[in-house]
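In our numbering, each residue carries its 1-based index in the sequence shown increased by 353.
Here is the structure we will look at.
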Amino acid sequence: MHNQPPSPDATPDAPVADAVADNWVDRHAPRALRPYLRLSRADRPIGTWLLLLPCWWGLSLAILFDQLPRWEDLWIFAGCGIGAFLMRGAGCTWNDITDRNIDGKVARTRSRPIPSGAVTVKQALAWMVLQMLLALLILLTFNQAAIAMGVLALLPVAVYPFAKRFTWWPQVFLGLAFNWGAMLAWTAHAGTLHAPAVVLYLAGIAWTLFYDTIYAHQDAEDDALIGVKSTARLFGENSGQWLRRFLMATVGLMGIAVIYAGLPQASVLALAIALGGPWAMGWHMAWQLRGLDTKDNAKLLQLFRANRDTGMIPLLFFAASLLA
Numbered sequence: 354m355h356n357q358p359p360s361p362d363a364t365p366d367a368p369v370a371d372a373v374a375d376n377w378v379d380r381h382a383p384r385a386l387r388p389y390l391r392l393s394r395a396d397r398p399i400g401t402w403l404l405l406l407p408c409w410w411g412l413s414l415a416i417l418f419d420q421l422p423r424w425e426d427l428w429i430f431a432g433c434g435i436g437a438f439l440m441r442g443a444g445c446t447w448n449d450i451t452d453r454n455i456d457g458k459v460a461r462t463r464s465r466p467i468p469s470g471a472v473t474v475k476q477a478l479a480w481m482v483l484q485m486l487l488a489l490l491i492l493l494t495f496n497q498a499a500i501a502m503g504v505l506a507l508l509p510v511a512v513y514p515f516a517k518r519f520t521w522w523p524q525v526f527l528g529l530a531f532n533w534g535a536m537l538a539w540t541a542h543a544g545t546l547h548a549p550a551v552v553l554y555l556a557g558i559a560w561t562l563f564y565d566t567i568y569a570h571q572d573a574e575d576d577a578l579i580g581v582k583s584t585a586r587l588f589g590e591n592s593g594q595w596l597r598r599f600l601m602a603t604v605g606l607m608g609i610a611v612i613y614a615g616l617p618q619a620s621v622l623a624l625a626i627a628l629g630g631p632w633a634m635g636w637h638m639a640w641q642l643r644g645l646d647t648k649d650n651a652k653l654l655q656l657f658r659a660n661r662d663t664g665m666i667p668l669l670f671f672a673a674s675l676l677a
């Protein structure tokens, strides 16, 4: 592997361009660790939330499904949080390694640690392996079926960074990777995978297509110049129509998942409350569409980050349904 020459307008200790202002990494992290934490996107926590929330959806619907909450579920809840942080960091590190010859050519990404010269490829690889080993320790505390699910998750994670080179739909591959936790957490609770978890996984993929198409519009011009594909480029001026389709798919599939999960044993009240989750989520996604401006990068980033709240909404309804 060869290192990408540092971008001329990026300095090794400078904050990354699209990081949250005054984030804890830039303000409080030891100077030597900052480039590695930036590789992991610790200065941009939205990605961890987007990876974590489907895990918590899966866990809560699994409990709704079998009506068997256990103290162990508290560890699954916490373990998913730690694991999401670590695996999101490992995935982003892998993404930056594979994209090192592209990131320096894109305005939003040229300040990342590898193109800026803050971290070498070998150092990034070592950091990725460390994060994966720590995540493995968390995974090994789950049941065997969940461990197997966690190992299988490495496949979409490995493939995703290359998807934009061979398909106009790389967001599908991101969705495959980012929503795997819905099935993993369900399996960690239930001991096996059931159909509602798979439908919930598909709902998450539709949601990822929604939010990551919005995100990808920030790079559409640079991507066109360097030949990188995305749904933002594919849809162009028709993005609004496609986003509405993804909204409807998200709400519809999640509603089906809730019905399948609740019908066996949940009360009518619990099922009704849980069904409020996808309904309210859909309204939040519709609010995003009303504010969409594909030419305004600041607005695009704001809407993308708003999806933490989008994903939190159904979780609150699912949690409430467990108390009904």
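Where is the CB? At the ideal position from N, CA and C, for every residue including glycine.
As the structure is a computational prediction, the values presented were derived from the model and not from experiment.
>> To the nearest angstrom, how far is the alpha carbon of Arg-518 from that of Gly-528?
In response: 17 Å
>> Using the three-state DSSP reduction, which class does Val-373 fall into: helix, strand or coil?
In response: coil
>> Excluding the 5 residues flanking Trp-560 on each side, which residues of the same chain have their C-beta closer than 6 Å to its C-beta?
In response: Thr-603
>> Measuring only the C-alpha atoms, how far is Val-525 from Met-665?
In response: 21 Å
>> DSSP three-state label for Phe-599, please.
In response: helix
> Is the beta carbon of Ile-429 sitting closer than 9 Å to the one on Ala-538?
Replying inline: yes
> For Trp-402, which option in Pro-514, Gln-484, Arg-387 and Phe-531 has the closest C-alpha, if you only look at C-alpha atoms?
Replying inline: Phe-531
>> For Thr-545, which residues in the same chain have their Cβ closer than 8 Å to its Cβ, ignoring the five residues on either side in sequence?
In response: Ala-498
> So what's Phe-495 in DSSP terms, helix, strand or just coil?
Replying inline: coil
> The alpha helix (DSSP H) spanning Glu-590 covers which residue range?
Replying inline: Note, Glu-590: premise wrong, no alpha helix (DSSP H); not H, not E.
>> Which residue marks the beginning of the alpha helix (DSSP H) containing Leu-653, and which one marks its end?
In response: 650-658
> Is the region 656-673 close to the region 560-572, with three or more CB pairs under 8 Å?
Replying inline: yes
> In terms of residues, what are the limits of the alpha helix (DSSP H) holding Ala-382?
Replying inline: Ala-382 -> no alpha helix (DSSP H), and no H or E assigned at all.
>> Between which residues of its own chain and Met-354 is the CB-CB distance below 7 Å, once the five residues before and five after are set aside?
In response: In this predicted model, Met-354 has a pLDDT of only 37, less than 50, meaning its place in the structure is not dependable enough to derive any value.
> Along the chain, which unbroken stretches of the alpha helix (DSSP H) at least 4 residues long are found entirely within the region 494-533?
Replying inline: 497-505, 507-519 and 523-531
> For the region 475-483 against the region 500-519, are there 3 or more C-beta pairs whose distance is under 8 Å?
Replying inline: no
> Which whole-angstrom value is the C-beta distance of Asp-426 and Leu-412, which I expect to be below 8 Å?
Replying inline: 7 Å
> Between Tyr-554, Gly-470 and Gly-442, which lies nearest to Arg-453 when the distance is taken from Cα to Cα?
Replying inline: Gly-470
> Closest by CA to Leu-386, which one among Val-472, Cys-445 and Gln-655?
Replying inline: Val-472
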